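Asker:
Numbering (my numbering), first residue to last: 258 to 399.
Given below as structure tokens:
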């Protein structure tokens, strides 16, 4: 999935307008994320060099047990997703993992990858959240 900065800005302003006085950074973020997820892939004729990357922030956490990293990375590999960076920490019985992944070359769009990762999360009894890098970056500018 690819989306440009102007589209993110437009979605953010629409979310702020719709939420009115109830607008908080977290609520705006949720509305924008939902809008981006619902957009799916942008048609080939709208893709250009100024469109943002297909980089996604994947955050995962839960009770630590064997096979978590293997399960997550296998699912990503099955969808031809490239892992650009990974940070993982175990604190007692809890673990957290943050990845920067690139879905540009995947035949799947963000929604399909989110669905697959949701299945992995259920199977492993963990939480996995995916957020487009642009949404993450621009939501922290508000």
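Glycine is no exception: its CB is placed at the ideal position from the N, C-alpha and C atoms. As the structure is a prediction and not an experimental result, all values here were calculated from the model.
Please list, in chain order, all residues of the same chain as residue 330 whose beta carbon is under 8 Å from its beta carbon, the five residues on each side excluded.
Answerer: As a first step, residue 330 must be located in the chain shown, where it is residue number 73. For residue 330, where only same-chain residues beyond five positions count, the Cβ hits under 8 Å are 340.
Asker: Can you list, in chain order, the residues of its chain with a C-beta nearer than 8 Å to that of residue 351? Leave out the 5 residues immediately preceding and following it.
Answerer: On the chain shown, residue 351 is found 94 positions in, with the first residue counted as 1. Cβ within range, chain order: 318, 319, 320 and 321.
Asker: Residues in the same chain with beta-carbon distance under 6 Å from residue 338, minus the five sequence neighbours each way, listed in chain order, please.
Answerer: For the purposes of this step, residue 338 is identified with residue 81 of the chain shown, where counting begins at 1. Once the five neighbours on either side are set aside, the close Cβ partners of residue 338 are 358, 360 and 363.
Asker: Along the chain, where does the alpha helix (DSSP H) that runs through residue 329 open and close?
Answerer: Taking the chain shown and counting its residues from 1, one reaches residue 329 at position 72. Unbroken alpha helix (DSSP H) run through residue 329: 325–335.
Asker: In or out: residue 387 buried (at least 16 other Cβ within 10 Å) or exposed?
Answerer: As a working mapping, residue 387 is identified with position 130 in the chain shown. Buried is the call here.
Asker: Starting from the C-beta of residue 294, find all residues in its chain whose C-beta is less than 6 Å away, skip the five residues before and the five after it, and write them out in chain order.
Answerer: Locating residue 294 in the chain shown gives position 37, counting from the first residue. Cβ neighbours of residue 294 beyond the five flanking positions: 368.
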